[in-house]
Ligand SMILES: Cc1ncc(C[n+]2csc(CCOP(=O)(O)OP(=O)(O)O)c2C)c(N)n1
Ligand SMILES: Cc1ncc(C[n+]2csc(CCOP(=O)(O)OP(=O)(O)O)c2C)c(N)n1
Ligand SMILES: [Mg+2]
Ligand SMILES: [Mg+2]
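Residue numbers (my numbering), protein chains in the order written: chain R, 455 to 772; chain D, 455 to 772; chain U, 591 to 911; chain B, 591 to 911.
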């Protein structure tokens, strides 16, 4: 199969859907040249640096029958726009009793590891998960990002796609033929029997590397990539934990009140999974500190393979 | 002991500290008449309706040697100000290497139950907990709010106090004598042996009512009020769970990625507590929906005594 | 343009309807049948009336926390409005929204909203849609003087100016945001200096004079339909009630200010004028009033007779299909 | 006011220092010794230089993502700056901040910042502090044309106007925000129309002419110290480098625009002028340059010789005592 980059796969999803539906608009502070060339300046709009405005304008467009892709760029810029995102995009369908549809795709990058320092390195998806009304994607491969964005571009709700800053250039297989990935269906990226590892965003790749490494030592990890955080495919995690009896959750976001807390909470609250747990679940998360600039400290703050291995050994009782 | 309202107790904390320290400033879109009268218009400022501005101005004042109390009113208005709160207040101490102090007290109300509908009924503290650098208070009684705000007003960091909208008028004992409540020290509001109930915000009162009711049936609940979410007194919860073997967490905020998830996650991740758990922990939280306006639906969306009792029975294995 | 007799009567009728609707509702509110945050539009009726008279169903509006008047003027069904305010299942939002969140997308009323300033970006989106559709439709956004203090105001002005959006900004300047006067909270002595900075055409009118509002809006909307870019209409007015009905804070505005504005009641003033012009007679007015009262009472009864939503209805409408 | 010979030489020296500092740093960056987001101030040195020349240590400034020049002009130690940019323990922020987050509160430099527009509200706070202290101190905030598009700009103008804050707004208008021109992104043909709307005194100068900047800032700061309210100084300039050094996006600005502005290099232009005036000679310049190069190299060596923080140092400074 052909291989393309993550960014290219995301772009293809938008191109295909923009070709199909002329009532689609793209807004961002920067110009995506391929889109502008193909769809013109009416539909591909460069906005002022005013994220809250174009996040809100997307809502008005949606309420008027248009679908918008609004690219906020880094998640840290999203904080400027949280009024429109949280008070409006997330709630507008509900508080107006479902009388109108709000098809919007918000995209932003997350993560650290590139010396962006405290402001520019953040993975705030759990904040968005706490405000009901949004659907939330966390695509980790070129294949996933295309399939998930395609689905998002047919969904009639505000969808937020969090894409790790360092994944954009990664390469993977993407079919030429059109496909869609449903929301709420986790991907078991590697099957295993000893420990369930739920990994988020870029950590999926670290977890897979660890699984490969530990396989050599006879330890079998099941690596689950939830792919969508809202809706969350809890059953796949619970089923896996019932099989392995051990749970490690790996996420680069800050630990406290992160998505990893939710994954542990819903798993341990599930009576059948709880009953099967052989050891206390473990989180491997970003530390509860702002991300420091300097590489040794930044590395220390973020999860890595070593920390994942330590956690696996921990739940295995070593 | 004299009894005063929650709001009055909060006001006293500010008055006392403003008397002590002339380099203190109060900002809000509305005028607190008692403060204005005593401290004048230089220090007690009515701001334009521009929350992000005065949340940010508080940072500039702090960096210039002043302490600010910024009252945002309802937490929903805080979303307008999250750039300054999350990208700056939370991070500025750290990213500048600790060279300056940022003593700021942000206050805002949370909660539902007064037909405020989706926008005005929200309890987003877990979002703030996910961004390290803030200290976070959740005072539930007149005594607590005074003691915690007093401590906040001596702390050299940005502190966010979330105060339930419906607690403002409640009455309780508050000593005339000055006192402080340390951060990171949970209050066991009722001792018990059968089930640990960690309750947040207004739910502390519902949990206490349930405890009273169930005591009559021979069921003994230990009701813990963490009082501060950051820092969180994990040990008090863990100690209690090791004693009771059962955990119910009650919070009005939306369940997914709420503070309740964190409480369950850190407890079940603790090996000693995990080993002592006799049943799967249970959350009693606000539903994962925007808060509807109409009373029957609103009541349905929020936790109440019945739901707490059901959860208690659940962990007791009934 | 000179107004026809029928147009004048229509304007009066709309204003009176808004007035009676709210009065009825307040009785119920104070009697305890209605809860939540209810913001009164009384005293400001001429603005929604005069502006929206020029809008077609296809034109879209965005309102704010004080939104009943905009709904009625845009042609919303009072029964479903009242039912929503009562939190009934038959309401516009099935009881999920309440007074502060009434919308009727089918008539281009994109919603009232409780966050100061937040309608502005949403309205820019509605006007982008109108621009893209290219049918000469427009969008209008109503907001208070208080909203001009939020950054969202600036961003919307900038975008509208830059993209020549067919967006009518309608600033309902009642001089106060809760208990803070505009003088204490806005640095530009006239609000229109700000749109002017963005080269947005603007006009300030007596917002209690419905014909003035009507005439200014007529020109503005015509411009918008031609694609000449946004327009900013400032309407000076006054709110008669407390910030919201159950507000615990006392109303700190000067009493004499309120009294003076009450003398300039938009409904009464227009009534007097139309009587003078012989367009209306006391009898006709009485008949109109009776008809409106009937309709309002019908709405009230409809609401009262409507069932509350079931608790589990709370689980619907989180997402669209 | 006429500038003394010494003042002129000082201005030139500061500009040259900023230039040499960044050039040295870029060599290191491109050689791979430095990582992260580094935004260059080259081409814009006259602004920080001309404005900050009027500020005392007690006056506070807030900068933005392109902040090296402001730090140097305010008197920051280049050694600690360089060490910070290298992520070393001896840096201003102990390696926690990097290029985009250098601050020195002890000299009133309240920090560079990576969020467009975000320095503006913070600076209003610094100027409230100055106002409360009542010693005639002032605050200055530096921001780009792009920042004028964010609502934070509007809110800061409003507050400064309303409260007559001793705040100097310094808009470094380089015509572009990344690859978007101001014409595509700002609706007011002149930015100063916006502060003007708020009755804020303003002036636009050639930001590449250090004496023009100096003279305009002199008047502005004098006004501020007297308590006459805020001032808005727009300085037109141009950025020579890509938006940030390692930006993956190509620079889409017209080549000839850059060439034209390079001919108006603020450092070169002032050098020529001072040579003509006989205030400097080629020899003197060479000596100044050598001294600066030494200082910059010293800073560079200091940084290189400084240890990296320990990994666990990441756990310090989350909270103040
Ligand atoms: C972002 C935000 N801040 C504060 C509030 C609280 N609030 C509601 S209405 C209002 C005053 C608004 O004044 P204005 O825009 O002039 O409208 P008016 O009430 O006068 O019609 C305030 C401060 C809010 N709803 N949203
Ligand atoms: C809120 C926010 N949105 C977007 C960005 C990304 N960004 C960084 S600098 C910049 C351009 C800023 O332009 P301007 O203010 O003119 O400063 P210049 O870079 O031209 O000096 C953008 C869009 C950001 N840092 N913050
Ligand atoms: Mg008003
Ligand atoms: Mg610029």
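No residue lacks a Cβ here, since even glycine has one placed at the ideal position from N, Cα and C. Just so you know, these numbers come straight off a predicted model, no measurement behind them.
Practice prompt. Return the Cβ separation of residue 727 of chain D and residue 769 of chain D in integer angstroms, given the expectation that the two are a contact with Cβ distance under 8 Å.
Written response: Actually they do not touch by this definition, with Cβ atoms about 14 Å apart.
Worksheet item: Hey, quick one: how far does the alpha helix (DSSP H) through residue 692 of chain D stretch, first residue to last?
Response: Residue 692 of chain D -> alpha helix (DSSP H) spans 688-698.
Item to complete: Report, in whole angstroms, the separation of the C-beta atoms of residue 719 of chain D and residue 718 of chain R, which I expect to be a contact under 8 Å.
Response: 4 Å
Discussion item. Taking 6 Å as the cut-off, is the C-beta of residue 534 of chain R nearer than that to any heavy atom in ligand 2?
Written reply: yes
Worksheet entry | Listed by chain order, chain U residues near residue 843 of chain B by CB distance under 7 Å | Result: empty, since nearest Cβ-Cβ is about 19 Å, beyond 7 Å.
Item to complete: Apply the 10 Å Cβ neighbour rule to residue 455 of chain D and answer buried if 16 or more other Cβ atoms are within range, or exposed otherwise.
Response: exposed
Worksheet item: If you draw a straight line from the C-alpha of residue 743 of chain D to the C-alpha of residue 537 of chain D, how long is it?
Response: 25 Å
Discussion item. Considering only DSSP beta bridges, list what residue 524 of chain R is partnered with.
Written reply: R:481, R:560
Discussion item. Am I right that residue 789 of chain B and residue 777 of chain U are in contact with their C-beta atoms under 8 Å? What's the rounded C-beta distance?
Written reply: The Cβ separation is near 7 Å, so the contact holds.
Discussion item. Under 7 Å, Cβ to Cβ, is there at least one residue of chain D near residue 667 of chain U?
Written reply: Taking 7 Å as the CB threshold, residue 667 of chain U stays off the interface with chain D.
Worksheet item: Mind listing, in chain order, the residues whose beta carbon lies closer than 6 Å to a non-hydrogen atom of ligand 4?
Response: B:734, B:735, B:736, B:764, B:766, B:767
Discussion item. As a quick exercise: from D:737, D:700, D:656, pick the residue whose alpha carbon is nearest that of residue 563 of chain D.
Written reply: Closest by alpha carbon: D:656.
Item to complete: Quick one: measure Cβ to Cβ for residue 560 of chain D and residue 479 of chain D, integer angstroms, because I've assumed they're closer than 8 Å.
Response: That pair is no contact at about 13 Å.
Discussion item. Let me make sure I understand the geometry here. Which of R:763, R:750, R:762, R:761 has the alpha-carbon closest to that of residue 676 of chain B?
Written reply: Comparing Cα positions, the closest option is R:750.
Practice prompt. Consider the Cβ of residue 791 of chain B: report whether some Cβ of chain R lies at a distance smaller than 7 Å.
Written response: no
Fill in: Cross-strand partners of residue 738 of chain U (DSSP beta bridge)
According to DSSP, residue 738 of chain U bridges with nothing at all.
Worksheet item: Quick one: does the C-beta of residue 822 of chain U sit closer than 6 Å to a heavy atom of ligand 1?
Response: no
Worksheet item: Between residue 672 of chain B and residue 716 of chain U, what straight-line distance do the alpha-carbon atoms span, to the nearest angstrom?
Response: 49 Å
Fill in: Reduced DSSP category for residue 742 of chain D - H, G, I as helix; E, B as strand; rest coil
coil
Discussion item. On the CB-based measure, 16 or more other CB atoms within 10 Å of its CB, does residue 749 of chain U come out buried or exposed?
Written reply: buried
Worksheet item: So which residues of chain R does residue 734 of chain D contact, with C-beta pairs closer than 7 Å?
Response: 722, 723, 724, 725, 728
Worksheet item: From what residue to what residue does the beta strand (DSSP E) around residue 791 of chain B run?
Response: 791-796
Discussion item. Let's see if you can read the secondary structure: which residues bound the beta strand (DSSP E) around residue 763 of chain U?
Written reply: 757-763
Worksheet item: Does residue 482 of chain D get closer than 7 Å to chain B when you measure Cβ to Cβ?
Response: no
Worksheet item: What whole-angstrom Cβ distance do residue 566 of chain D and residue 575 of chain D have, given they're in contact under 8 Å?
Response: 3 Å
Discussion item. Can you check whether the C-beta of residue 580 of chain D is within less than 7 Å of a C-beta belonging to chain R?
Written reply: yes
Worksheet item: If you follow the beta strand (DSSP E) that residue 643 of chain R is part of, which residue opens it and which one closes it?
Response: 641-644
Worksheet item: Is the shortest distance between the beta-carbon of residue 898 of chain U and the beta-carbons of chain D less than 7 Å?
Response: Cβ-Cβ to chain D under 7 Å: yes for residue 898 of chain U.
Practice prompt. Check distances from the C-beta atoms of the region 520-536 of chain D to those of chain U and list, in chain order, the residues that come in under 9 Å.
Written response: 530, 531, 533, 534
Worksheet item: Is the region 672-685 of chain R close to the region 634-647 of chain R, with three or more CB pairs under 8 Å?
Response: Judged by Cβ distances under 8 Å, the region 672-685 of chain R makes contact with the region 634-647 of chain R, as three or more pairs qualify.
Discussion item. In the DSSP output, what is residue 589 of chain D paired with across the bridge?
Written reply: Residue 589 of chain D is bridged to D:613.
Practice prompt. Could you list the residues in the region 692-714 of chain U with a C-beta less than 9 Å from some C-beta on chain R, going in chain order?
Written response: Interface annotation for the region 692-714 of chain U against chain R: 692, 693, 694, 695, 696, 698, 700, 701, 703, 704, 705, 707, 708, 709, 710, 711, 712, 713, 714, criterion Cβ-Cβ distance under 9 Å.
Worksheet item: With 7 Å set as the bound, which would you pick, yes or no: does the beta-carbon of residue 558 of chain D sit closer than that to a beta-carbon of chain U?
Response: no
Worksheet item: Under a three-way DSSP split, which group does residue 729 of chain B fall into?
Response: DSSP, read as helix, strand or coil, puts residue 729 of chain B in strand.
Worksheet entry | Continuous alpha helix (DSSP H) assignments of at least 4 residues falling wholly in the region 641-694 of chain U | DSSP runs (the alpha helix (DSSP H)) wholly in the region 641-694 of chain U: 658-664, 668-675.
Discussion item. What would DSSP say about residue 455 of chain D, mapped onto helix, strand or coil?
Written reply: coil
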